[in-house]
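Visitor: Quick one: the structure is below, and I'll ask about it shortly.
Okay, here's the thing in structure tokens:
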């Protein structure tokens, strides 16, 4: 961030606020350029004003999406986490202090991935909502998410003749309520949501469910995501009907894993669902709940 960088961002935020336009941030920043920090802070339109605007814009119900496409360190790590939706590419980083500073401060040897890599934030901290393999996939996801914002001012009637990815009747073969039997609720969702065409490696298009799963590697006992249903954008919250894996933070030995029981709500999945409902409220998306739940986890894991 140079002095003019701050002014340009604040100008864009001001226009978006006045016109009620969604804001998209493509972030790859190590924070303030320290040799010029005396010109960055002491001003009305200074570095801190950006974060104030993040809060004001969010309070007005205007969506903000950040895509981390590089290393966001120190001051560069604040803006993304103040946004409503956060995407991150493999090989990127999001943390306050890098390896050298951590080593100098507390004598700890730690990798970039352990500090704040995409996998760590997707599975353990739950900070990011979508982990993408590269920049191209990240931008494709960004376009898909924005396409699902409801068109509040439009009087156009959605095309309700859009076919679902799978026949709705398939649900009867996929779902089971037999004790001890499991099913994947994502298969159920694929019978409900619309189909979309996506290009494959050969240049042709193939069909897949029009469903962008939210935090797919975090709180896996609940499945949340943005979908198109009969031509209408919706948010879906569903209980997972099969065993799932939970990544737990660890010490020197690294992260550990535990198994989540089907149809049970754990603390991480409850956090995920609450955050997702708030995001749908932010964009005005109707919610669809697919419920098959036995209750909350009890004991130490609660």
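Numbering (the working numbering), first residue to last: 2 to 303. Beta carbons are placed, not taken as given, at the ideal position from N, Cα and C, and that holds for glycine. A quick note: this is a predicted structure, and the numbers were derived from the prediction, not measured.
(1) Measuring straight from C-alpha to C-alpha, what distance separates residue 241 and residue 65?
(2) Which ranges does the alpha helix (DSSP H) cover as unbroken runs of at least 4 residues, wholly within the segment 24-96, from first to last along the chain?
(3) Could you tell me the boundaries of the beta strand (DSSP E) in which residue 246 lies?
(4) Count Cβ pairs between the segment 104-120 and the segment 170-178 that sit closer than 8 angstroms; are there 3 or more?
(5) For residue 87, which residues from the same chain have a beta carbon less than 6 angstroms from its beta carbon, with the 5 sequence-adjacent residues on both sides left out?
(6) Got a sec? Which residues, its chain only, sit under 6 angstroms from residue 191 by beta carbon, not counting five neighbours each side?
(7) Quick check: the Cα distance between residue 201 and residue 105, rounded to an integer number of angstroms?
(8) Apart from the five residues just before and just after residue 290, which ones in its own chain have a Cβ nearer than 6 angstroms to its Cβ?
(9) Near residue 71, what residues of its chain come up, given a Cβ to Cβ distance below 6 angstroms and the 5 sequence neighbours on each side ignored?
(10) Run through DSSP, which three-state label would residue 276 get?
(11) Note down the Cα distance separating residue 199 from residue 141, rounded to an integer number of angstroms.
(12) Specify the secondary structure class of residue 7 as computed by DSSP and reduced to three states.
(13) Under the three-state reduction of DSSP, which class applies to residue 193: helix, strand or coil?
(14) Please determine if the segment 52-61 and the segment 29-40 are in contact, where contact requires at least 3 C-beta pairs separated by less than 8 angstroms.
(15) Any chance the CB of residue 185 is under 8 angstroms from a heavy atom of the ligand MN?
(16) Just how far apart, CA to CA, sit residue 115 and residue 287?
(17) Let's see if you can read the secondary structure: which residues bound the beta strand (DSSP E) around residue 207?
(18) Between which two residues does the beta strand (DSSP E) containing residue 237 stretch?
(19) Indicate the three-state DSSP secondary structure (helix, strand or coil) for residue 213 in the structure shown.
(20) What span of residues does the beta strand (DSSP E) with residue 133 cover, start to end?
(21) Exposed or buried, residue 173, counting other C-beta atoms within 10 Å across all chains shown (16 or more means buried)?
(22) Roughly how many whole angstroms lie between the Cα atoms of residue 247 and residue 274?
(23) Within 10 angstroms of the Cβ of residue 25, are there 16 or more other Cβ atoms? Answer buried if so, exposed if not.
(24) Distance check for residue 149 and residue 261, CA to CA, integer angstroms please.
(25) Per DSSP, which residues does residue 230 bridge with? Please list them.
(26) Answer yes or no: do residue 208 and residue 266 have a C-beta to C-beta separation smaller than 9 angstroms?
Guide: Looking at the coordinates:
(1) Taking the chain shown and counting its residues from 1, the one referred to as residue 241 is at position 240. Taking the chain shown and counting its residues from 1, the one referred to as residue 65 is at position 64. In a straight line, the C-alpha of residue 241 is about 29 angstroms away from that of residue 65.
(2) 48-60, 79-82
(3) Indexing the chain shown from 1 puts residue 246 at position 245. Annotation for residue 246: the continuous beta strand (DSSP E) segment containing it runs 245-249.
(4) Touching, no, given that fewer than three Cβ pairs across the two stretches are closer than 8 angstroms.
(5) In the chain shown, the residue the question calls residue 87 occupies position 86. Excluding residues within five positions, the ones whose Cβ falls inside 6 angstroms are 67, 81, 129, 130.
(6) By 1-based counting over the chain shown, the position of residue 191 is 190. Closer than 6 angstroms at Cβ, skipping near neighbours: 166, 167, 210.
(7) Taking the chain shown and counting its residues from 1, one reaches residue 201 at position 200. Taking the chain shown and counting its residues from 1, one reaches residue 105 at position 104. Cα to Cα, the separation comes out at about 47 angstroms.
(8) Against the chain shown, residue 290 aligns to sequence position 289. Closer than 6 angstroms at the Cβ level, and outside the excluded window around residue 290, lie 238.
(9) If you number the chain shown from 1, residue 71 lands on position 70. Annotation for residue 71: 29, 93 place their beta carbon closer than 6 angstroms to its own, counting only its chain and skipping 5 residues before and after.
(10) Locating residue 276 in the chain shown gives position 275, where the first residue counts as 1. Note: residue 276 maps to helix in three-state DSSP.
(11) Residue mapping note: residue 199 aligns to position 198 of the chain shown, counting from 1. Residue mapping note: residue 141 aligns to position 140 of the chain shown, counting from 1. Approximately 10 angstroms between the Cα atoms of the pair.
(12) Working through the chain shown from its first residue, we reach residue 7 at position 6. If DSSP states are grouped into helix, strand and coil, residue 7 belongs with the helices.
(13) Against the chain shown, residue 193 aligns to sequence position 192. It is coil, neither helix nor strand.
(14) No contact exists between the segment 52-61 and the segment 29-40.
(15) Of the ligands one can find in the structure shown there are none, so the ligand MN has no counterpart to examine.
(16) Taking the chain shown and counting its residues from 1, one reaches residue 115 at position 114. Taking the chain shown and counting its residues from 1, one reaches residue 287 at position 286. Those two C-alpha atoms are separated by around 37 angstroms.
(17) Mapped onto the chain shown, residue 207 falls at position 206. That run of the beta strand (DSSP E) goes 206-210.
(18) The count along the chain shown starts at 1 and reaches residue 237 at position 236. Per DSSP, residue 237 belongs to the beta strand (DSSP E) from 233-240.
(19) Residue 213 sits at position 212 when you count from the first residue of the chain shown. Strand, per DSSP.
(20) For this step, residue 133 is matched to residue 132 along the chain shown. Start and end: 131-133.
(21) As a first step, residue 173 is located in the chain shown; it is residue number 172 there, counting from the start. Around the beta-carbon of residue 173, fewer than 16 other beta-carbon atoms lie within 10 Å, marking it exposed.
(22) As a first step, residue 247 must be located in the chain shown, where it is residue number 246. As a first step, residue 274 must be located in the chain shown, where it is residue number 273. Those two C-alpha atoms are separated by around 16 angstroms.
(23) To locate residue 25, count along the chain shown from 1; it is residue 24. Residue 25 comes out buried.
(24) Looking up residue 261 in the chain shown gives position 260. Looking up residue 149 in the chain shown gives position 148. A direct Cα-Cα distance of roughly 30 angstroms separates residue 261 from residue 149.
(25) Within the chain shown, the letter at position 229 stands for residue 230. Beta-bridge pairing links residue 230 to 233.
(26) The residue you call residue 208 lines up with position 207 of the chain shown. The residue you call residue 266 lines up with position 265 of the chain shown. For residue 208 and residue 266, no; Cβs fall outside 9 angstroms.
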